[in-house]
Structure formats: structure tokens, C-alpha cells
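Numbering (full-length UniProt numbering), first residue to last: 1 to 745.
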């Protein structure tokens, strides 16, 4: 079904018709309270010619001067100070022995004053009737009963022949969902009306004007007279006027239905127009302002009740969807793979929304659950979705065939689609499918607009003439997706993206560990192929000499000693490598360490081991360190021990240890007067099995400083040096400084 040339209807400027309904009259004043607009029919109400008061200040128009307390000028000034656009009030005002309801509002720099007769056709006590109506309405729990009761109560209040509750669907068309009528008229309950019957701009005005009366469709509107400016009369914006004239198209539409008078009350759900209480009378019928306000009150109560009940229902479904999302999130937090968490568990992607089936396209693989189309179709759909979902990350429809014609062959599984894209740059999606739901829609007449062409060849929309029931089979359509369902899908998408990001970070950490492991493996390989070759070659050579058996016992003993030394060297290197490996696996046992005691004990051990009376180990400031006691001892044993070893060939070896601290760290400097390290070797001195070129004459494996660096990294510290070959070396080791109150944390 199509709506040809509906833009003609949608673009009609119904807010500036240039005229008003003639059951009342209107004037409009500028900010200085000078009359700038007046309806022609003021003559029939007040015997004043409209032209005669244009340009005249309100206070100078004699007929509008009443008793001092009822002065119209005061009412206008008072109304201008109030928020009467959203909450207009009527003032009772007497003119020419007739009582009028005066409704004043200020809009677009004009005070617009509508005068309506304060007459009533009702015979009952309005206040009591409204009170009873509200009580009965609020007692209904089911939405169907509630709507039916509202229709009955409004009919009692205004006395119209037919009252309908008219609900707008997502595509703008309406449906009669409740009805109260006189017995003489046929029922319209369940009939649908096309969106073009109430154009878009009219629906927008219904959100502003919560009640709207057309007292008599057969009367001629009264023109608004104004003075031309530069030869052009500017129409007055009557958006908020209670007397605004009606579109001629709509008037003809009502006449074609046989309706003489209509009245509507808007039903709002939040900021959206949920529907209307639409009332028809088959003879002209005026409803005064206060009666209309009573109906408006009922409409507002109904709006609140609908919002509450629909929110309550949506919240129940939303809670079920959230529960499914939370269950899948728990799977993801257990490091279950994305596809396993979404497809292979008891709670799956299909459980998150009300759907026929779901699919996950992830890492170039398709995973499905439930009733879904074949893989070939889904793969083509994913390719097509790339452009559709790039900007906002999701795509929804209840009629996929309109956008993706291939879906027409898969109506049993894929009439509706909700798609969420994972990430921005990858072709990865979560997809939910809904099957076709065939619906027989009963229209109030053929919903197609009639296009007529005038004598000038210009096409115009003509209102429908026939309202006889016209049935249409709606196919290739699914149940629409609700807002809370989209929110659940987006929530799950965020959780999946977080899990993917977390796993990517974990993979990055693993890769970094692998990189370090590979580097260490290379070093181990070098050790096995190079460093261990020398002692192995020594062992092999001396073993072969012993085998010959032509050596004296002294030489055999000497060879055996060399073999023993070689095996000890190999054992030492293996022990060092194991020590290096254990550092990475150890857990820190942090505590406050008395560095004075640790360094003094270390100095005593080194003095005994070296047995050199000229050796001086000087300990200066020694601030406490928070760390693992054994590891910190290992750091200083290595660094201070190296300083003693590599300065041992000087006449007066001197090693100095001194610590300083700042807000962030504690730094120790260990200086010696030994052989020094060439600058070009500084960058590699901490590599595994790396030794200074000048240290070949000293025992060592080249592992000690690598162990030190690794220990300091575990302590969030660092090590660096300053050295010149032949003049000595200063090693600096730093440790993170902790607040004493947070040491245990």
C-alpha cells in the first residue's frame, strides 16, 4: 500500500489558516496592546467593525472597558506573565449582556485573545460527573477495560454520539481500540485509518493542543483582518488558539463521514502522542471551555495510566532481558570464549530478546542458535549490513524485505531483524531474527488517498469518500522491536566488547611474556652452544688424556682437578640460570627492611671472604626499603659483591654505598674504583650472560646483573650505571617509596 503525494497534506500550513471558527471571535494585540488582528465576525457578537479597531490601543476601545476589576487590559497583562501556553485558563467576561470565556495567551510577540460563549448544553453536575468518572477509570487494572471505560465516561461528560479511543501505530496509522456510541450507529471498533488521515503536522499540533473542538463543519470560517505591511499581510500564528480554523481537507473528510461536529483529547505517553480520544457528533454541538477542560483532565489521567501500565509491562520484559544479559556477562567474566558464552550455554544470544533465532558472526565464523535463515543468506546479510550499521552501530526493522529484498525468500525466519555491530572496524555482528506475522487489517475504507487534478493541471489530494470496511492482508512483516529490547542488545554489545578488549589485553600481556621468554631462550641457547662449550671441551680433553694411561699420577691428579673445576663451572652457570628463572616465578613478601643492618652484615661477609686488609667498604646514609628481604639482599650482594670483585686488583680497593630518597623513590648508589666499563657496553651490561670486556680475568657467569634487573622490575624499581673504563663504576638502584600507612596494601 502506498500514500501518493502525501507531502501535499503534510506540508499544509494548518497553524496559520488566516481564519477562525465562527462560534467565537478573536483579536490579537502587539506588545504595546495595540490591536493588529481582528476576526470579521466580531460584528455579529459586538456590533463592531473589525477594520475600525485595527491600530487602536486596547484601552481606548470603549466596549472592552468593564468594571475596574474586570478590565480586559489587566487580564491581558496578567496572562502575559503566566505560562499560559502549557496551562491556559479562561476568564469569565461580560460584553453586551452576554458572558464569554476569555482565553488569553502570548505567542510570537502577540497577545491572542479568544472569546467563546459561556453557554452549556449539559444538564448534569459537571464536577460530580468528572469525579465519578475519574474514580471508575482509576479502578480498572487491565488496559483494555481502562480504555473502554474512558470512552464511556467521556461520552457522559460531553454527550457526543460516538467516542473512540484511537491509538497511533509506529508507522503513523491509527486504530480504534475502544468505543462508546449510541445504539443507532455501527461499530468502528478494530478499524484502522491510514497515517494520511491525520497528517504529521496535525499530530504535532495534537501534542500542543491537548483538546480540540470543531463545533460545526458546515459553517464558514471567519477571516482574520489585519493591516498590510509593505503591501503584504502577514498571517497570524494560531498554534495555541482555541478557535483556530480547520484545514478544508479535514472539514471535507468529516463531511464525507457524515460528521457535523468533532472533539478530540490528546493521549500522551511521555513526549509522544500515543493516541486520541476522538469524538463525533452527527449534528452541530458546541462544548464550552470548562467542559472541554474536564474532558482534558480525564485524558491526562488516562495518559498517566497508560504510561504507568505500559512502563510496568515493559519493565517486566526488560528485567527478563537484563537477567539474560547478566547471565551471559558472568560467562564472559569466567574467561569463556565469546562464541561459547553467546551460543553454547543454557542462556544464549536467543535468550536476550524475544525472537525466533539469533546468530553471531565473529572472527569470520558464523554461529547460530534457534530458528534462523541458512548460512549463505546470513553471510550476504552481514556484507550488506556493513554500510547500514557503520555510524550508529545497530539496525532494526520489522520488515527486512523493504531494505533487503533477499529476505522475501526467508519470511518464516527473517522478516524482522535487530543487528548490533561489535566494534567499529571489524565485520562482526550479533543478529536477532523474527518470523513473519500475518495480520488481517480492517481499514475504514480504502486507505489510498484520491488525487484530483484541477483545470490548471495541478494535482491535489481529495479526502476519502468511502468508509466501508476494507480488509487488507499484511504479509512479510514481523512484530516491531521495542525500545527496551534495543537497550538490552546494546548492553550486551558493550559487555561483549569489554570482554573482547579484556582478552586482547590479556593476549598482549601473554605475547609480551612470550617475547621475553623467547629472548631468554635465545640467551640460554647461546649459553648451551657457547659458554658451556668451554668447560665441556676441557672435560673432554682431559678425559681423553687420562684414557691413554701414559701419564704420571701427578699429571692424572692435575687433569682430574681440571675436570672437577670444569664441572663446578658448569654447575655454577646452571645454578645462576635457575636463580634467574625463579625470580620471575617468585611472589614478593614485602616488609620494611632495616638497610643499615643488611648492609653491615653484607660488609662483614665480604671482608671475611676477600681477606684483603686494604679493602674499604664504606656505608653512608641507608634509608629503609619496602620489599622482599631475600630479593633485596640478593640485589646488594650482587652489586656490592661485583664492586669489590672488580676493584680487587687496585692497591687500595674502595667501595661506597649511599642512599637518598624523594617523594616517589629511594635510590642507592654503589661506587667503586675498579676497572670500569666502556660506554659502548653500558646498554647491554644487564643482558643475560653479558660481561664487561675488561672482566674476563675475573670469575663470573654474566647472570648476576640480569637477576638484579629482574628483581628490581618486580619491585617497580630500576638499575642504571655511570662508568668510565679504568676509573671505576657507579651503579644506581632504585626502589618505589611507599607511604608507611599503605605498606600492607
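Each residue gets a CB set at the ideal place from its N, CA and C atoms; glycine is no exception.
- Within the region 25-72, the complete alpha helix (DSSP H) segments at least 4 residues long are 42-46, 50-53, listed from N- to C-terminus.
- For residue 643, there is no enclosing beta strand (DSSP E); the residue is found in the alpha helix (DSSP H) stretching over 629-646.
- Beta-bridge partners of residue 110 (DSSP): 107.
- Judged by their CB atoms, residue 587 and residue 621 are not nearer to each other than the 8 angstroms cut-off.
- Annotation: the continuous alpha helix (DSSP H) that includes residue 254 extends over 248-257.
- Contact check between the region 724-734 and the region 665-675: three or more CB pairs, one atom from each, fall below 8 angstroms, which counts as touching.
- By the CB criterion at 8 angstroms, residue 677 and residue 705 fall outside the cutoff.
- Assigned with DSSP and collapsed to three states, residue 482 falls in coil, not helix or strand.
- In terms of Cβ geometry, residue 237 and residue 108 form a close pair [threshold 8 angstroms].
- When DSSP states are grouped into helix, strand and coil, residue 281 belongs to the strand group.
- Residue 264 places its beta carbon less than 8 angstroms from that of residue 276.
- Taking residue 244 as reference, the option from 39, 590, 625 with the minimal CA-CA separation is 39.
- Rounded to whole angstroms, the Cβ separation of residue 297 and residue 207 is 17 angstroms, and the two are not in contact under 8 angstroms.
- Between the alpha carbons of residue 707 and residue 508 lies a distance of about 24 angstroms.
- DSSP places residue 174 within a strand segment (E or B) once states are collapsed to three.
- Bounds of the beta strand (DSSP E) holding residue 366 are 365-370.
- Bridge pairing for residue 244: 20 [DSSP].
- Pairing residue 314 with residue 115, the inter-Cα distance amounts to about 44 angstroms.
- Sequence-distant Cβ neighbours of residue 615 in its own chain, meaning closer than 6 angstroms and more than five residues away, are 653.
- Between residue 407 and residue 401, the alpha-carbon positions lie close to 5 angstroms from each other.
- For the region 671-737, the full-length alpha helix (DSSP H) segments reaching 4 residues or more read 704-714 along the chain.
- At a Cβ-Cβ threshold of 8 angstroms, residue 339 and residue 367 count as neighbours.
- For residue 165, the three-state secondary structure derived from DSSP is strand.
- Residue 415 is not a Cβ neighbour of residue 490, given a cutoff of 8 angstroms.
- In the three-state reduction of the DSSP assignment, residue 79 falls in the helix class.
- DSSP places residue 208 in the helix class (H, G or I) of the three-state scheme.
- For residue 618, the pairing in a beta bridge is given by DSSP as 656.
- The shortest C-alpha to C-alpha distance from residue 426 to any of 364, 723, 369 is the one to 364.
- At the C-beta level, residue 428 and residue 362 come within 8 angstroms of one another.
- For residue 304, the enclosing alpha helix (DSSP H) has its first and last residue at 289-333.
- Its chain contains 592, 593, 594, 595 as the residues whose beta carbon lies nearer than 7 angstroms to that of residue 624, once the 5 sequence neighbours on both sides are disregarded; these appear in chain order.
- If you look at residue 600, you'll find it isn't in any beta strand (DSSP E); it sits in the alpha helix (DSSP H) that goes 595-610.
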